[in-house]
Amino acid sequence: MLYKFRSKAAGDLIMLGPTGDQLLRIIGKEPAPKGIIEPVAMPAAIAALEKAVADEEAVRAQAESEGSPPRREGFISLRQRAWPLVEMLRRAQAADHEIVWGV
């Protein structure tokens, strides 16, 4: 499945299903073919994504400090995956527009 996030405040954002599912769960939404993020929910969604990114980076830093070799080849961090949605959330919040998908 593909997610196509849309908002009047930003360009469309297309995301593969597993990544979209992960990000929706992080912001407290159940993955579904259709949905909406209201502007009132956007500050909490942005904070949840930023916390998840920080948590992942802390785990990686801890592993590296303990001598575990960093996974680089083929690794895409949560920061890289979440950034487009975070930017869309910020723009939509500033313009007071919702984000929808599947419509």
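FYI, the numbering for the sequence shown is 1468 to 1570, going by this note's numbering. Idealized CB from N, CA, C, for every residue including glycine.
Is it buried or exposed, residue i, if we count other Cβ atoms within 10 angstroms and call 16 or more buried?
| i | result |
| --- | --- |
| residue 1528 | exposed |
| residue 1547 | exposed |
| residue 1481 | exposed |
Helix, strand or coil for residue i per DSSP?
| i | result |
| --- | --- |
| residue 1544 | coil |
| residue 1570 | coil |
| residue 1549 | helix |
| residue 1503 | strand |
| residue 1535 | coil |
| residue 1476 | coil |
| residue 1494 | coil |
| residue 1468 | coil |
Would you say residue i reaches chain D, if we count a Cβ-Cβ gap shorter than 7 Å as a contact?
| i | result |
| --- | --- |
| residue 1506 | No chain D appears in this structure, which consists of one protein chain only. |
Please work out which residues of its chain come closer than 7 Å, Cβ to Cβ, to residue i, disregarding the five sequence neighbours upstream and downstream, and give them in chain order.
| i | result |
| --- | --- |
| residue 1494 | 1512, 1515, 1516 |
Among residues of its own chain, excluding the 5 on either side of residue i, which ones have a beta-carbon nearer than 8 Å to its beta-carbon?
| i | result |
| --- | --- |
| residue 1479 | 1471, 1472, 1473 |
Any idea which residues DSSP pairs residue i with across the strands?
| i | result |
| --- | --- |
| residue 1481 | 1471 |
Taking one C-beta from the stretch 1557-1570 and one from the stretch 1497-1514 each time, how about it: are there three or more such pairs within less than 8 Å?
yes
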